[in-house]
Structures are given as structure tokens and as C-alpha cells.
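4 protein chains.
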Amino acid sequence: MLKKDQAEEVLETVDAPLEMETSIKRKPRGRPRRSTRENILRAAKKVFSRSGYDGARIEKISKAARSYDSLIYYYFGSKEKLFVEVLEDAYRDIYEAEQDLNLNLQDPVAALRKIIEFPLRYYVANPEVIVLLSTENLQKGKHIAKWPTAHQYSRPVIDILQGVIQEGQAQGVFKNDIDCKKLYIAITALGYFYVSNRYTFSAFLDTDLMQEDSIHEWAAYISDFVLNQVLVSA
Amino acid sequence: MLKKDQAEEVLETVDAPLEMETSIKRKPRGRPRRSTRENILRAAKKVFSRSGYDGARIEKISKAARSYDSLIYYYFGSKEKLFVEVLEDAYRDIYEAEQDLNLNLQDPVAALRKIIEFPLRYYVANPEVIVLLSTENLQKGKHIAKWPTAHQYSRPVIDILQGVIQEGQAQGVFKNDIDCKKLYIAITALGYFYVSNRYTFSAFLDTDLMQEDSIHEWAAYISDFVLNQVLVSA
Amino acid sequence: MLKKDQAEEVLETVDAPLEMETSIKRKPRGRPRRSTRENILRAAKKVFSRSGYDGARIEKISKAARSYDSLIYYYFGSKEKLFVEVLEDAYRDIYEAEQDLNLNLQDPVAALRKIIEFPLRYYVANPEVIVLLSTENLQKGKHIAKWPTAHQYSRPVIDILQGVIQEGQAQGVFKNDIDCKKLYIAITALGYFYVSNRYTFSAFLDTDLMQEDSIHEWAAYISDFVLNQVLVSA
Amino acid sequence: MLKKDQAEEVLETVDAPLEMETSIKRKPRGRPRRSTRENILRAAKKVFSRSGYDGARIEKISKAARSYDSLIYYYFGSKEKLFVEVLEDAYRDIYEAEQDLNLNLQDPVAALRKIIEFPLRYYVANPEVIVLLSTENLQKGKHIAKWPTAHQYSRPVIDILQGVIQEGQAQGVFKNDIDCKKLYIAITALGYFYVSNRYTFSAFLDTDLMQEDSIHEWAAYISDFVLNQVLVSA
DNA sequence: AATGAATGAGCGTTCATTCAT
DNA sequence: GATGAATGAACGCTCATTCAT
Numbered sequence: 009m010l011k012k013d014q015a016e017e018v019l020e021t022v023d024a025p026l027e028m029e030t031s032i033k034r035k036p037r038g039r040p041r042r043s044t045r046e047n048i049l050r051a052a053k054k055v056f057s058r059s060g061y062d063g064a065r066i067e068k069i070s071k072a073a074r075s076y077d078s079l080i081y082y083y084f085g086s087k088e089k090l091f092v093e094v095l096e097d098a099y100r101d102i103y104e105a106e107q108d109l110n111l112n113l114q115d116p117v118a119a120l121r122k123i124i125e126f127p128l129r130y131y132v133a134n135p136e137v138i139v140l141l142s143t144e145n146l147q148k149g150k151h152i153a154k155w156p157t158a159h160q161y162s163r164p165v166i167d168i169l170q171g172v173i174q175e176g177q178a179q180g181v182f183k184n185d186i187d188c189k190k191l192y193i194a195i196t197a198l199g200y201f202y203v204s205n206r207y208t209f210s211a212f213l214d215t216d217l218m219q220e221d222s223i224h225e226w227a228a229y230i231s232d233f234v235l236n237q238v239l240v241s242a
Numbered sequence: 009m010l011k012k013d014q015a016e017e018v019l020e021t022v023d024a025p026l027e028m029e030t031s032i033k034r035k036p037r038g039r040p041r042r043s044t045r046e047n048i049l050r051a052a053k054k055v056f057s058r059s060g061y062d063g064a065r066i067e068k069i070s071k072a073a074r075s076y077d078s079l080i081y082y083y084f085g086s087k088e089k090l091f092v093e094v095l096e097d098a099y100r101d102i103y104e105a106e107q108d109l110n111l112n113l114q115d116p117v118a119a120l121r122k123i124i125e126f127p128l129r130y131y132v133a134n135p136e137v138i139v140l141l142s143t144e145n146l147q148k149g150k151h152i153a154k155w156p157t158a159h160q161y162s163r164p165v166i167d168i169l170q171g172v173i174q175e176g177q178a179q180g181v182f183k184n185d186i187d188c189k190k191l192y193i194a195i196t197a198l199g200y201f202y203v204s205n206r207y208t209f210s211a212f213l214d215t216d217l218m219q220e221d222s223i224h225e226w227a228a229y230i231s232d233f234v235l236n237q238v239l240v241s242a
Numbered sequence: 009m010l011k012k013d014q015a016e017e018v019l020e021t022v023d024a025p026l027e028m029e030t031s032i033k034r035k036p037r038g039r040p041r042r043s044t045r046e047n048i049l050r051a052a053k054k055v056f057s058r059s060g061y062d063g064a065r066i067e068k069i070s071k072a073a074r075s076y077d078s079l080i081y082y083y084f085g086s087k088e089k090l091f092v093e094v095l096e097d098a099y100r101d102i103y104e105a106e107q108d109l110n111l112n113l114q115d116p117v118a119a120l121r122k123i124i125e126f127p128l129r130y131y132v133a134n135p136e137v138i139v140l141l142s143t144e145n146l147q148k149g150k151h152i153a154k155w156p157t158a159h160q161y162s163r164p165v166i167d168i169l170q171g172v173i174q175e176g177q178a179q180g181v182f183k184n185d186i187d188c189k190k191l192y193i194a195i196t197a198l199g200y201f202y203v204s205n206r207y208t209f210s211a212f213l214d215t216d217l218m219q220e221d222s223i224h225e226w227a228a229y230i231s232d233f234v235l236n237q238v239l240v241s242a
Numbered sequence: 009m010l011k012k013d014q015a016e017e018v019l020e021t022v023d024a025p026l027e028m029e030t031s032i033k034r035k036p037r038g039r040p041r042r043s044t045r046e047n048i049l050r051a052a053k054k055v056f057s058r059s060g061y062d063g064a065r066i067e068k069i070s071k072a073a074r075s076y077d078s079l080i081y082y083y084f085g086s087k088e089k090l091f092v093e094v095l096e097d098a099y100r101d102i103y104e105a106e107q108d109l110n111l112n113l114q115d116p117v118a119a120l121r122k123i124i125e126f127p128l129r130y131y132v133a134n135p136e137v138i139v140l141l142s143t144e145n146l147q148k149g150k151h152i153a154k155w156p157t158a159h160q161y162s163r164p165v166i167d168i169l170q171g172v173i174q175e176g177q178a179q180g181v182f183k184n185d186i187d188c189k190k191l192y193i194a195i196t197a198l199g200y201f202y203v204s205n206r207y208t209f210s211a212f213l214d215t216d217l218m219q220e221d222s223i224h225e226w227a228a229y230i231s232d233f234v235l236n237q238v239l240v241s242a
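Chains as they are written, first to last, in the working numbering: chain A, 9 to 242; chain B, 9 to 242; chain C, 9 to 242; chain D, 9 to 242.
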């Protein structure tokens, strides 16, 4: 198991993840005074995303929030409910970031490129989210399954993609038979996997996938990869 | 948190994952008499892949192996060392399955199609492996990092891909500028992600990605997706 | 341990105990507007008598009083002091009920019968008191020991008994050598025990001692039992 | 709340309860080597009977048994199951003591006197049992209710009483219309209550009911009290 | 190699109590 | 006096691990 000291020293380092473009990070709410509830939520995100659900310790969360174990129960009721709230927050953050892409529909190729690179950039900038999603998948999606509004987030996101595709088709630059849902999965997969499996794959391929160069190369690669798929062949 | 009974009743069901093609499953070693060590290892794989490292309980492993906690320490020394052995086994299994693909080099398109579909099929048939890899990535690859032979497994795998690509290029059906390493990552991503995030993405898209139809559609989709990338345009 | 829900649902039912004679119940103070202090005290009696001292929760008391934890400390200082006040109230209530017996001294046999049946009837109607006394005895009477006026309540009660006995002796119906203190203990024992040990004794004897019939039979039985002791043999 | 030190210092004193006759104490199993399970059970009896169910602390039990918290769960599963076992033991002990009374049926008056005095003597010698029974009644008999064999203990006990009564009737010294069940309750009440409410009643009456003299007086008093009831009037 | 008891740290949670408006 | 957030100890229980046959 993890030695305590090891875990301890890791504690502060995760906060500064690799970034590609700051614009893609969720807006920092850098208000000087934060409520205890907020502190706990932020600390919980940190700790859950560092250790997963089972590995996370209530005490660690409360201390990271400079608060008390009991206040976690006061505000959230249980470790699990706290986790769910962290997870929901993460979803909301991704969703908001997607809405903030500021796409120029007049240029569907550039817009699509932005969409393609978004997941990679987002997860590179916010790798904690991957642990949260991982944890949720490890638990067979039991929380999200009970969360009735989950798929309401997907609609607008896929609509955005579809809007771009349709504009491209109208302009005659994109193919006509494009399955937007599948395309969306493929785009997400190519960005997410690169980050989620960075450790095992780096070891496996004997290179550091998280070097800035590698990330940029991969961003360009998957951009071309997906665009090739969509563009009408010259 | 998981109720005990819930966890208990899940215990036996996970063993029969959705299968696409039995040929892709690792060979069952159905010998009637197994050593205690083997029993523990198999039980550990089950339990680790159901609950992750932190969620796994030594007692659950020992009971699933019809053995004793203390024998786990006798044979493996610690929970962590047991996990590492399970992880290594999983890697070896994937490797062996990749070696067993029986590709016909004379038909590089068909061979490549097989390679593309392999990760999806493998992870659909053996989803436990995903939890193991997830867990290892959650722990920042600390075990695989110390495992010097890890990347020795990647060489032959990428060689196989390269062989197929080169044959296709020789036959004039594949493009010339193909980065095999990146292609390999892309192929793995498209298969792995679909399975690893099946719960959150199913909820998100409001469809059951694990239905047999969906899986086959996805297999066909990514096959075309990647082939399109590689084939010389008509 | 008690499930929360179980405890919760019991919460309102206890208020309506088995009654023998309404005249024996403490006078309900059914005023529409009660002070917070009073509310807390009443809620505390309810909760303490349902769960004992250690089982009672401050939060449960404050919620039952539609008030706040902190007001309990504001008004009473501590859980223990609140308990003491509840206990004192209970003693006062018993005392007052004893004073309200309205005995007809001219008929000492009837009067004695009333006295004999009083404890049984009172505890059947107010079984919570038993839990309070039980709790106090469990704590070795530490509160009542410090309560200097406690035995001032016994004097009048035993005086009443003695008055009746003397009148009976004067009329020649009661024996001459009667120890009123011991008689009082015996009377109380025969009524109190029947209620205090109703659960264990019901199971032990495999009958429901709290059925109305059983209670009436017991009332008659102990009445005769004690009277036999006191009456001059025919 | 109880100060720790107060509770602590009480810890060892309870072990030496007031005794009337040693012959009535449960046989001490003074074997030099006791199993951990036995140690825990004995310690649990001590602690439960000192503090009640809610007041008892697992840690206190484990320490009193010179063992570990976890072993309590290893052997008994939960605090509640441990309590049930303690309670069952207490019942069994009483039962065995009742069987050991060695009554001389030829002398029914002496035999009945022994029976009458038994509860008082037993509870004086083993006052812990009262706390256990109190606690069980506080919890509305939830454990004993589920204990199907509980009332099997009452049969033989009442049979003994009935045997003595019948012999007395045959000899013409006892009245004919005697309800043995009610008589048994009365006998128990007169002994039990004196001990169970010793603290509150001592304060109330301003005498120490537990002085040896008082106890002997009470034993004689209730003996006469009940015998008077049963004997044919001279 | 098998069996089960022992060891001790630590975890999620709850509690009585106090503080600050 | 009302409201609710803060404080910190402790509780029941579980865990990985080791010991002794």
C-alpha cells in the first residue's frame, strides 16, 4: 500500500497539472473568501481525483479544506454524497467549457478542429476529471445512472458538433454521411485515452507522452485523423 | 458505499462478460486441480478488477480462492505485490492474445482490420483488465514504472502492425507516410475508451453501448475510420 | 443497533400509552403556546424515556422541540442537567398524582385498595417514568443523591398510607403490627415491577402482560394480596 | 456527560457486590487459562452491566478483556450480538441457580421460603443482571423477543414452585386456590424491585436499603408476606 | 502448507458542546 | 433569543498484516 509519507508529499504537486492553453481551464473562482462548503468541495475534488473513491480519506479532505470531518457530514451527509457532488461538478465544468468554445460557424473546418482538440486539451489541463470518471466507471456508473439529467448535457454538445458538420456539408467541404454521435465518441476517445492511460502507455512505449511536444504532436495528429475522415476527398 | 450484499451478489456474475468472438478470449486453463498460489492469483484478478486496488479486500480474495489471508502473505508477501503480479499477468495475457492473431500478410487490408478490431474485442471480452490498468494509472504507473521489461512487450506488437503496413505500402494500397506508433495509439484508444467509459458514456448518451449491436456497429465504424486513414484515396 | 427509521417511526406512537383510568394521568397542560424552555423539557422527557440517557441524542430532543441544540445549552447548561430536570419533574408528577388520590378515610379498606393499585396504574399510564428511574438507578442514583429534597417527597406519601392504616386499626379491621415503610415498598414493587419488566417477563412467561385483561387481573391480584396481609383474619 | 476519570475509577469496584450467601452466587469458573472469547464475554458482562448497552464502549470491553476491539468482531460480529450473548448467559445462569436450590419437598414451608428469598438473594449477589434486564426492557425486549427458547426456561421454574405448592396442599398447610404464575411474579417483584431501585428508593426513603441488616429484614418481611398469603389461616 | 487467532492502525461517522451572528 | 456553523473527541467497526501451531 501507499506509504503515508509518499502520499503526503504528493499532496500539493497535483494542483499544477500540465497545461496546453490556459483558456481551456475552467474559470478559477479566485475569490479571497470561500465558504466552508466550497472549501470542502474543492478539497474533495482534489483528494478524490488523487486517490479515487476508496483511496480517498475523509480526514484528508477535511484537513485539505482546513475544516473538520464532521462538517463534511454536516454539509454533504456522507462520503458518497460528497463524491456525487464532486462528480456532478466535474460534468458541469466540462459542459460549460464546451459551451465556451466560441466556434466560428463560417469556418467549419477550423471549428471542427477546435472541437476535435478540445477533449485532449481539457483532460491535459484537468486530469483529475479522468480519475473521477474512472472511479465512476469502476463503480459501474451507479451514481450517474441515478442522475436523471445526465444525458441532458449530451444533447447540446452533440448539437454543436452537428451544427458545424451541417455547415460544412452546406459549404460542400464535409461528406454527407456522417454519424455525429459516433464521431463524437471517436473524438472523445482519441483525446481522453491519451491522457487517461498516460502512465501505462508511456511505460509501454518507453516515451513520455506528457511532454509538451508529444501532446502537441498528438493534437495535430488526431486533428488530421478526424478531419481526413470528414472532409470530402480532394 | 456499496452494501455488502450488493457486492456479494455481483461476485459471480462478472465472470461472464459480453463476448464478441470466443477466439479472442484468453485460453481457459480449465484443469481440475490448481495450486493454491494459482487459485489466489485468479481470485485476486477477479477481486482487484471488480473493486480496484483500494476497494479490494484481502479477505475477499482469500475466500474466493478458498484459502486463507495468511497464505496470500506466504506466497506473495503483500497486497501490493499480489497486485503487481496480477497486473503483469494481465499484460502477458494481452501480449499473448496479440501474438495469436494469425494475420494473413498477403491481405494487408484484412489483416489491418483484424488489428484495428482487436483491442475493442479484447476489452469487451476481458473488461477486468481495464480496471487493472485504470488502477495502475490512478497510482501514476508506479508499478509498471519499476517494471523494466514493460516496453519489451510493445516492440513486437508494433512490429506486427508495421509489417502489415509495409506490406500494404508494397502492394500500393496503403499510404506512405504512416506513423505506426501513433496509429497504434489511435487504434487502442478507439477500442479501449469505448469499453472503459461504457457506464458514464452510456448514461451521457442515453444508450446502452454494451448491447451487442452497438458493439458491432462500433467495431465496423472504427475499422472504416482507421482504414480510411491509411488507404490510398481511390 | 436501532435503525434510524425504526427509531423515527416509533417517535410519535409512544405518546399514547396503555391507560387504565384517565384520572390517574398527569394533567395535560394543553396550552396552545408554550415557551421554548418548556418545549425542550417535554421533548427531553420523551426522548430520554424512549432511549435512556446514553441513547438520547441532543439533536433529537432539539428537533422534537422544534428548537435548536444550542438552546438546550442556553437553557439547561448540559445534557446531564437537562436530564436531572426531567427526572425532578417526573418525581414531582408522581408526587402530585399521589396527593390527588382523594381517599375516603372513613372507608380504610377502599382507601388502601386505591393506594395499592396506584403504582400499577400510574406506571401503566406513564411508562416513560420507569425508563427515567431505571436510568437513574443505572447511574447509581448520582443525581438523586445530590438532590437534598428527594426524601421530603416520601414523608407525605407514607403519611397518607399510615393515616389509612391507623384508621383501619381504629376501626378494628387492620392488624396492629404493620410496618408502613415496608408495606409501601412492597406495594410499589408489586406495581412497578410488573410494568418495568413487562418485555422480558412477557417473553419469559410467553404471555402479553400488557393486555388490558392481564393488567386488571394483576391489579385485583395484588390488591387482595396486600389486603390479605393487613386485614385481621376473619 | 460522565467525566472519564469518574467512570474509570468505578471500573474495578463493581466486581465485589454485596453478598448475602455465597451459595447463591453462580459457580465461579476459576480456571487459570481462559480463552479470548471467554475473556471478552466476561468483560462484556462487566461493562454492559455497569453502563448499559449504549453507555458501554467496545474499547472498554476489549481492554478489560486484555484483548482487541477487532477480536470482539471476530468472535461476536457486532456489539449487539455480543450483548445478546451476554444476556443469554445471564438467563442461563439464573436458571441454573434456580435448579440448584436443593429443595426438601417434605417440608414445603421451608422450601417455599427458600423460593421466596431466592430472587432477592440472587440479585443482591449479582446486581449486574439487573442492568442487563433493564437494558433489554429499555429496548422493548427486542432481543429476547427473537429468542425462541426464552420461555422454555420458565416452565421448569414454575413447575418447581407448583411442586412445592401441591405438596403443601397435600399436607393441608397451603390454601387450595393458588395461582402459581401470579405468585411467581409477585415473588420475583418483591425481590427484584428492592435491588433494581435501590438507589432511587434509598434516597427517597432516606435509608440505605443495601445495608446487610436492611436486606435481611426485607428477606424476612417478604417471606412472611408471601407465606401468609399461602398458608391456611390458623 | 494449512488453519485460525492475534495485532494494532485507521476509517467513516456521530456526538456533545461552543461560537458568532 | 434564534439560527446555523464550528469544534474536536470518540465511537463502532474494518483492514492489512503477523504469529503460532
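For glycine and all other residues, C-beta sits at the position ideal for the given N, C-alpha and C.
A quick note: this is a predicted structure, and the numbers were derived from the prediction, not measured.
Environment of residue i [buried if 16+ CB atoms lie within 10 Å]
i	result
PRO127 (chain A)	buried
GLY180 (chain D)	exposed
VAL55 (chain B)	buried
VAL240 (chain B)	exposed
LEU113 (chain B)	exposed
PRO116 (chain A)	buried
ARG163 (chain B)	exposed
ARG87 (chain A)	According to the sequence provided, residue 87 (chain A) is Lys. The question's Arg does not apply to it. Classification for LYS87 (chain A): buried.
ASN145 (chain C)	buried
GLU220 (chain D)	exposed
LYS68 (chain B)	buried
C-alpha gap between residue i and residue j, whole angstroms
i	j	result
TYR229 (chain A)	LEU120 (chain B)	19 Å
ALA105 (chain D)	ILE48 (chain A)	59 Å
TYR192 (chain B)	SER70 (chain B)	38 Å
ALA158 (chain B)	THR208 (chain A)	9 Å
VAL6 (chain A)	SER78 (chain D)	Residue 6 (chain A) lies beyond the range of chain A shown here (9 to 242); nothing can be said about it.
ILE66 (chain D)	LEU90 (chain D)	10 Å
LEU19 (chain C)	SER75 (chain D)	At LEU19 (chain C), the pLDDT of 38 sits below 50, so the modelled position is not reliable; the number obtained from the coordinates is stated separately. If you take the alpha carbons of LEU19 (chain C) and SER75 (chain D), they lie about 38 Å apart.
ASP6 (chain B)	ASN205 (chain A)	Summary: the structure shown does not reach residue 6 (chain B), with chain B confined to residues 9 through 242, and so no result is reported for it.
LEU109 (chain D)	THR196 (chain C)	28 Å
HIS151 (chain A)	ALA194 (chain A)	24 Å
GLY63 (chain B)	TYR61 (chain A)	9 Å
TYR130 (chain B)	PRO156 (chain D)	55 Å
Endpoints, the alpha helix (DSSP H) within which residue i is located
i	result
SER86 (chain C)	Segment: none, SER86 (chain C) is in no alpha helix (DSSP H) and carries neither H nor E.
LYS189 (chain A)	188-204
PRO116 (chain B)	116-133
ASP62 (chain D)	44-63
Residues bridged to residue i (per DSSP)
i	result
PHE182 (chain D)	D:LEU239
Minimum C-alpha distance to residue i - residue among the options
i	options	result
ALA73 (chain A)	A:SER86, A:ARG42, A:ASP101	A:ARG42
THR143 (chain B)	B:GLU46, B:SER59, B:ALA52, B:ARG45	B:SER59
HIS224 (chain A)	A:TRP155, A:GLU125, A:TYR200, A:GLN177	A:GLU125
SER57 (chain A)	A:LEU141, A:ASP185, A:ARG45	A:LEU141
VAL165 (chain A)	B:PHE212, B:ILE168, B:GLN177, B:PRO135	B:PHE212
LYS122 (chain A)	A:ILE168, A:GLN160, A:PRO156	A:ILE168
TYR99 (chain B)	B:ILE138, B:GLY85, B:SER210, B:ASN184	B:ILE138
Check: residue i C-beta below 8 Å from any heavy atom of the ligand HEM
i	result
SER231 (chain B)	The model depicted lacks the ligand HEM and carries no ligand whatsoever.
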